[in-house]
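A.B. asks: Take this structure first; my questions come after.
2 protein chains.
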Amino acid sequence: MTDRTTPTTDKGAETRARILETALRLFLERGYDGTTMRAVAREAGVSVGNAYYYFASKEHLIQAFYLRTHEEHLAACEEPLRTARGFEARLLAVMDAKLTTIEPYHRFSGVLFKTAADPASPLNPFSAESLPTRRESTALFARVLEGSRVDTSSELWSELPNLLWVYHMGVVLFWLHDRSPERRRTRQLVAHTVPLIVRIVQLGNLPLLRTLTRRATRFLRELRETSGVDAGAVEPSGAD
Amino acid sequence: MTDRTTPTTDKGAETRARILETALRLFLERGYDGTTMRAVAREAGVSVGNAYYYFASKEHLIQAFYLRTHEEHLAACEEPLRTARGFEARLLAVMDAKLTTIEPYHRFSGVLFKTAADPASPLNPFSAESLPTRRESTALFARVLEGSRVDTSSELWSELPNLLWVYHMGVVLFWLHDRSPERRRTRQLVAHTVPLIVRIVQLGNLPLLRTLTRRATRFLRELRETSGVDAGAVEPSGAD
DNA sequence: CGGCAGAATTGAACGCGTTCAAAGAGAGTA
DNA sequence: TACTCTCTTTGAACGCGTTCAATTCTGCCG
Chain A
6 MTDRTTPTTD KGAETRARIL ETALRLFLER GYDGTTMRAV AREAGVSVGN AYYYFASKEH
66 LIQAFYLRTH EEHLAACEEP LRTARGFEAR LLAVMDAKLT TIEPYHRFSG VLFKTAADPA
126 SPLNPFSAES LPTRRESTAL FARVLEGSRV DTSSELWSEL PNLLWVYHMG VVLFWLHDRS
186 PERRRTRQLV AHTVPLIVRI VQLGNLPLLR TLTRRATRFL RELRETSGVD AGAVEPSGAD
Chain B
6 MTDRTTPTTD KGAETRARIL ETALRLFLER GYDGTTMRAV AREAGVSVGN AYYYFASKEH
66 LIQAFYLRTH EEHLAACEEP LRTARGFEAR LLAVMDAKLT TIEPYHRFSG VLFKTAADPA
126 SPLNPFSAES LPTRRESTAL FARVLEGSRV DTSSELWSEL PNLLWVYHMG VVLFWLHDRS
186 PERRRTRQLV AHTVPLIVRI VQLGNLPLLR TLTRRATRFL RELRETSGVD AGAVEPSGAD
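Protein chains in written order, with the numbering used here: chain A, 6 to 245; chain B, 6 to 245.
Listed below in structure tokens is the structure:
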């Protein structure tokens, strides 16, 4: 959860929202380190203690960002996933939407990732706390496949949504370190790697590579199942 | 660099070493957050200000850890790389050495990675500040290839050391989140992925896959060259 | 109306990482 | 010895995130 206390009164909910909006605004204006909890409280018209009544820490305010971009990304994918046909076009659309969605937050994304990378942080993408979000993301990639003409008999089929999620995390990692204007290099990375992925998935069905694919798939499943934070194999038909 | 000031006198060098050793000991005893700069200074018999004279920040003390494990890893690879033959055996040996080397630091590795993940941090593996270390690592993987019987005519040849370095970073990332006893899951990951990598490299030379390999290689090189922090293509013969 | 329980709010205080003006120590020079 | 320059060391002070005992607000019951 993002907050320590879910407000029970309307007034409380309003205070909480005011603190959150102020924090997000200041983060964008001054960056994470440049924003103090005292400043957030002052500009929101409350005391510091009150901010901590609704948010357990400064990091938890950042988490609100993460959730916001995630939801924006889901929304931005709706239209392309309804219209686009073919694996490549659909994957490209989803990745493009991701980069467009997170672009405004690049300047302080370092802090976001910094806390997200900490295995103990609730922001960590592998943590139990962010499991719902991860499930939604994985389901998104399942939908990418669903509308594609990818051979569903492939051994890789059931593991592909998870693999694509990992790929997408890798792209975000690259994006974080991308200092080129308008994140052109990340755009290039996507433009080059998406067709590559499409080709590899196709090739995975060749008789020559069957054994390799099977071994890889079996290991991936085992890895997922022995993990404490399994997002599950996402069957396109079962995804919501 | 790890320090702000390189001591010019013997006494200064001694003080610096005492602070560093105390810090590393306390980090292991109490963890990163449990260790205060005041405690480090007290136990080292100096003032807080003095600690900051030699180390720009608490994070810079952590960087000493990183450098230490890196050097331990290089040393641990010497013997296997002299004796082991074949791509698979050599890569396995290097990865095994890595996991063994970093194991003692797993309990506070979260903090290490947390700061390392920040693009602005000097600890960041992609930063200019850690370029020398990255070069050494990449050269290590070049040596893995050097003693192997991998077809050097492969388009992939010159990019492989960099790719293996990225693979090795991925394994470390996995390791950070691995809560299994003795990091068994990471060991499994290596045991399964190393043979997979060997196979893929071999397959990359098949006529059928030539085009794919060439496209991938060209993009990798371009990516590396347009990057501000290029570790360079490491030719095995030129590696030291 | 009075009283009360729980939610909401306060702000002083704590411990932390970090800074900096000032003082000390030591070596070279006249 | 006295002066000076640079390297080293000091510790009080600053601003930060965070905590918590105390207070105020709010709706509800008798």
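Cβ atoms here follow ideal geometry from the backbone N, Cα and C, with glycine treated the same way.
Please list, in chain order, all residues of the same chain as valine 155(B) whose beta carbon is under 7 Å from its beta carbon, the five residues on each side excluded.
C.D. replies: Here residue 155(B) is taken as the residue at index 150 of the second sequence, counted from 1. Counting only Cβ-Cβ distances below 7 Å, and skipping sequence neighbours, we find Phe92, Val206.
A.B. asks: Since phenylalanine 224(A) meets chain B, which of its residues come closer than 7 Å, beta carbon to beta carbon?
C.D. replies: In the first sequence, residue 224(A) corresponds to position 219, counting from 1. Per Cβ cutoff of 7 Å: His197.
A.B. asks: Mapping DSSP to helix, strand and coil, what is tyrosine 37(A)?
C.D. replies: Numbered from its first residue, the first sequence carries residue 37(A) at position 32. Residue state, collapsed to three classes: coil.
A.B. asks: Alpha carbon to alpha carbon, how far is glutamate 164(B) from leucine 225(B)? Give it in angstroms, no decimals.
C.D. replies: The residue you call residue 225(B) lines up with position 220 of the second sequence. The residue you call residue 164(B) lines up with position 159 of the second sequence. Distance between the alpha carbons of leucine 225(B) and glutamate 164(B) is about 7 Å.
A.B. asks: Glycine 204(B) versus chain A: which residues are under 8 Å apart at the beta carbon?
C.D. replies: Indexing the second sequence from 1 puts residue 204(B) at position 199. Here residue 204(B) turns out to be arginine, not glycine, going by the sequence shown. Chain A residues near arginine 204(B): Leu217.
A.B. asks: Please classify histidine 182(B): does DSSP put it in a helix, a strand, or coil?
C.D. replies: Numbered from its first residue, the second sequence carries residue 182(B) at position 177. Coil.
A.B. asks: Using CA coordinates, which residue listed in Ser153(A), Tyr71(A), Leu228(A), Thr41(A) is at the minimum distance from histidine 197(B)?
C.D. replies: Position 192 of the second sequence, counted from the first residue, corresponds to residue 197(B). Nearest C-alpha to histidine 197(B): Leu228(A).
A.B. asks: Our contact map puts threonine 74(A) next to tyrosine 37(A) with C-beta atoms below 8 Å; I'd like the distance itself, whole angstroms only.
C.D. replies: As a working note, residue 74(A) is residue 69 in the first sequence. As a working note, residue 37(A) is residue 32 in the first sequence. In fact, because the Cβ distance is near 15 Å, the residues do not count as touching under 8 Å.
A.B. asks: Report the residues of the stretch 22–44 of chain B with a CB closer than 7 Å to any CB of chain A, ordered along the chain.
C.D. replies: Here the close residues number zero.
A.B. asks: Just mark arginine 21(A) as buried or exposed, buried being the case when its beta carbon has 16 or more other beta carbons within 10 Å.
C.D. replies: Counting from 1 along the first sequence, the entry for residue 21(A) is found at position 16. When all chains shown are included, arginine 21(A) counts as buried.
A.B. asks: Can you pull the chain B residues whose beta carbon is under 7 Å from the beta carbon of alanine 61(A), in chain order?
C.D. replies: Walking along the first sequence from the start, residue 61(A) turns up at place 56. Residues of chain B passing the Cβ test: none, with the nearest at roughly 16 Å.
A.B. asks: Between the Cα of valine 176(B) and those of Leu96(B), Thr222(B), Ser153(B), Ala144(B), spot the shortest distance and give me the residue it belongs to.
C.D. replies: Numbered from 1 along the second sequence, position 171 holds the residue referred to as residue 176(B). When each option's Cα is compared against that of valine 176(B), the closest is Leu96(B).
A.B. asks: The alpha helix (DSSP H) with histidine 65(A) in it runs from where to where?
C.D. replies: As a working mapping, residue 65(A) is identified with position 60 in the first sequence. Histidine 65(A) -> alpha helix (DSSP H) spans 63–88.
A.B. asks: The ligand MG and leucine 31(B): does the residue's C-beta get closer than 7 Å to at least one heavy atom of that ligand?
C.D. replies: As for the ligand MG, it is missing from this structure, which has no ligand bound.
A.B. asks: Would you check if there are 3 or more beta carbon pairs closer than 8 Å linking the stretch 15–35 of chain B to the stretch 44–61 of chain B?
C.D. replies: Touching, yes.
A.B. asks: Glutamate 164(A) lies in the alpha helix (DSSP H); which residues open and close that run?
C.D. replies: Sequence index remark: in the first sequence, residue 164(A) carries index 159 (1-based). No alpha helix (DSSP H) contains glutamate 164(A), which DSSP labels as neither H nor E.
A.B. asks: Is the Cβ-Cβ distance between tyrosine 71(A) and leucine 117(A) less than 8 Å?
C.D. replies: As a working mapping, residue 71(A) is identified with position 66 in the first sequence. As a working mapping, residue 117(A) is identified with position 112 in the first sequence. Yes, Cβ-Cβ distance for tyrosine 71(A) and leucine 117(A) is below 8 Å.
A.B. asks: To the nearest angstrom, report how far apart alanine 98(B) and leucine 86(B) are at their CA atoms.
C.D. replies: Taking the second sequence and counting its residues from 1, one reaches residue 98(B) at position 93. Taking the second sequence and counting its residues from 1, one reaches residue 86(B) at position 81. Answer to the nearest angstrom: the Cα atoms are 8 Å apart.
A.B. asks: Could you tell me how far apart the beta carbons of alanine 81(B) and threonine 106(B) are, in whole angstroms, since I believe they sit closer than 8 Å?
C.D. replies: As a position in the second sequence, residue 81(B) is number 76, starting the count at 1. As a position in the second sequence, residue 106(B) is number 101, starting the count at 1. Right, their Cβ atoms sit about 6 Å apart.
A.B. asks: Give me the chain A residues within the contact set of leucine 194(B), using Cβ-Cβ distance strictly less than 9 Å, ordered along the chain.
C.D. replies: Position 189 of the second sequence, counted from the first residue, corresponds to residue 194(B). Result: Phe224, Leu228.
A.B. asks: Straight-line CA distance for glutamine 68(A) to phenylalanine 146(B)?
C.D. replies: Sequence index remark: in the first sequence, residue 68(A) carries index 63 (1-based). Sequence index remark: in the second sequence, residue 146(B) carries index 141 (1-based). When rounded, the distance between both Cα atoms is 38 Å.
A.B. asks: Where does threonine 14(B) sit, in a helix, a strand or coil, going by DSSP?
C.D. replies: Working through the second sequence from its first residue, we reach residue 14(B) at position 9. Coil, per DSSP.
A.B. asks: Please report how far the alpha carbon of valine 239(A) lies from the alpha carbon of arginine 223(B), in whole angstroms.
C.D. replies: What you label residue 239(A) is simply residue 234 of the first sequence in a count that begins at 1. What you label residue 223(B) is simply residue 218 of the second sequence in a count that begins at 1. Any reading at valine 239(A) must be qualified, since the residue scores a pLDDT of 46, below 50, and its modelled position is unreliable; the value itself is stated next. Straight-line Cα distance between these residues: approximately 34 Å.
A.B. asks: Indicate the three-state DSSP secondary structure (helix, strand or coil) for arginine 215(A) in the structure shown.
C.D. replies: Here the question's residue 215(A) lines up with position 210 in the first sequence. Reduced to three states, the DSSP call for arginine 215(A) is helix.
A.B. asks: Which residues in chain A sit within 8 Å of leucine 161(B), going by Cβ to Cβ distance?
C.D. replies: Counted from its first residue, the second sequence places residue 161(B) at position 156. Going along chain A, no residue has its Cβ under 8 Å from leucine 161(B), so there is no contact; the nearest lies around 13 Å.
A.B. asks: To the nearest angstrom, report how far apart glycine 209(A) and tryptophan 162(A) are at their CA atoms.
C.D. replies: On the first sequence, residue 209(A) is found 204 positions in, with the first residue counted as 1. On the first sequence, residue 162(A) is found 157 positions in, with the first residue counted as 1. One C-alpha to the other measures close to 10 Å.
A.B. asks: Residues in its own chain within less than 6 Å of proline 12(B) by CB, not counting five upstream and five downstream?
C.D. replies: Your numbering for residue 12(B) matches position 7 in the second sequence. Closer than 6 Å at the Cβ level, and outside the excluded window around proline 12(B), lie Ala18, Arg21.
A.B. asks: When you compare each of Arg220(B), Arg148(B), Arg35(B), Ala122(B) to arginine 204(A) by their alpha carbons, which one comes out closest?
C.D. replies: Taking the first residue of the first sequence as position 1, residue 204(A) is located at position 199. Here the closest residue by C-alpha is Arg220(B).
A.B. asks: Mind checking which residues open and close the alpha helix (DSSP H) that includes asparagine 55(A)?
C.D. replies: Along the first sequence, one-based indexing puts residue 55(A) at 50. Start and end: 53–59.
A.B. asks: Would you mind stating whether histidine 78(B) and alanine 94(B) have Cβ atoms separated by less than 8 Å?
C.D. replies: Translated into the one-based positions of the second sequence, residue 78(B) becomes position 73. Translated into the one-based positions of the second sequence, residue 94(B) becomes position 89. Contact flag unset, no.
A.B. asks: List the whole-angstrom C-beta distance separating proline 166(A) from threonine 143(A), where the pair is believed to meet the contact cut-off of C-beta under 8 Å.
C.D. replies: Along the first sequence, read from residue 1 onward, the residue named residue 166(A) stands at position 161. Along the first sequence, read from residue 1 onward, the residue named residue 143(A) stands at position 138. Confirmed, about 5 Å.
A.B. asks: At which residues does the alpha helix (DSSP H) containing serine 142(B) begin and terminate?
C.D. replies: Within the second sequence, residue 142(B) is the residue found at index 137, counting from 1. Run containing serine 142(B): 136–151, per the alpha helix (DSSP H) assignment.
A.B. asks: Using 8 Å as the limit for Cβ to Cβ distance, is leucine 66(A) near chain B?
C.D. replies: Position 61 of the first sequence, counting from 1, holds the residue named residue 66(A). No, because no Cβ of chain B sits closer than 8 Å to the Cβ of leucine 66(A).
A.B. asks: Can you pull the chain B residues whose beta carbon is under 9 Å from the beta carbon of leucine 248(A), in chain order?
C.D. replies: As displayed, chain A neither begins before 6 nor continues past 245, which places residue 248(A) out of reach and without an answer.
A.B. asks: For histidine 173(B) and methionine 100(B), I'd like the C-alpha separation in whole angstroms.
C.D. replies: Against the second sequence, residue 173(B) aligns to sequence position 168. Against the second sequence, residue 100(B) aligns to sequence position 95. Those two C-alpha atoms are separated by around 7 Å.
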